[in-house]
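In my numbering, the protein residues as written are 363 to 462.
All residues carry an ideal CB built from backbone N, CA and C; glycine is no exception.
Note that the structure is a prediction, hence the values are computed from the model and not measured.
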C-alpha cells in the first residue's frame with residue numbers, strides 16, 4: 363500500500379518523471395555472490411575478447427552467464443520476473459483500492 367500511496371501522491375501533485383521501485387529477488391532464489399560475480403566477469407572478458415558490441419552484448423552475456431552457472435542464473439532471473447509481476451499486481455490492486 364505504501365508504493366501505491368506514494369504513486370498517487372506523485373500524480374496528485376502533477377510531478378513529472380517516473381518512480382523507481384526496488385524489489386529484491388526472494389532469498390531462496392538468490393545466487394551465491396562469488397558465483398554470479400565470477401560468471402559475469404568471465405562473460406564480460408569473453409565479450410571484449412570477441413569484440414561483441416552494441417545490441418549483441420546483452421544476449422551474449424545472458425547466454426554465457428547461463429552456461430557458466432549451469433542454468434542457475436536463468437532460473438533466478440525467471441523467479442525475479444515472477445516476483446516482479448506479483449509485486450506489480452499488488453501495487454495495481456492497491457491503486458485501485460485507493461481510487462475507489
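Measuring alpha carbon to alpha carbon, tell me which of 441, 452 and 450 ends up nearest residue 387.
-> Checked all of 441, 452 and 450; the closest Cα to residue 387 is 441.
Between the Cα of residue 443 and those of 384, 397 and 432, spot the shortest distance and give me the residue it belongs to.
-> 384
Cβ-based neighbour list, residue 409, same chain, cut-off 7 Å, excluding 5 preceding and 5 following = 419, 422 and 423
Please confirm whether residue 436 and residue 369 have their CB atoms less than 8 Å apart.
-> Their beta carbons are not under 8 Å apart, which means residue 436 does not touch residue 369 by this criterion.
Determine the burial state of residue 454: buried for a count of at least 16 other Cβ atoms within 10 Å of its Cβ, exposed for fewer.
-> exposed
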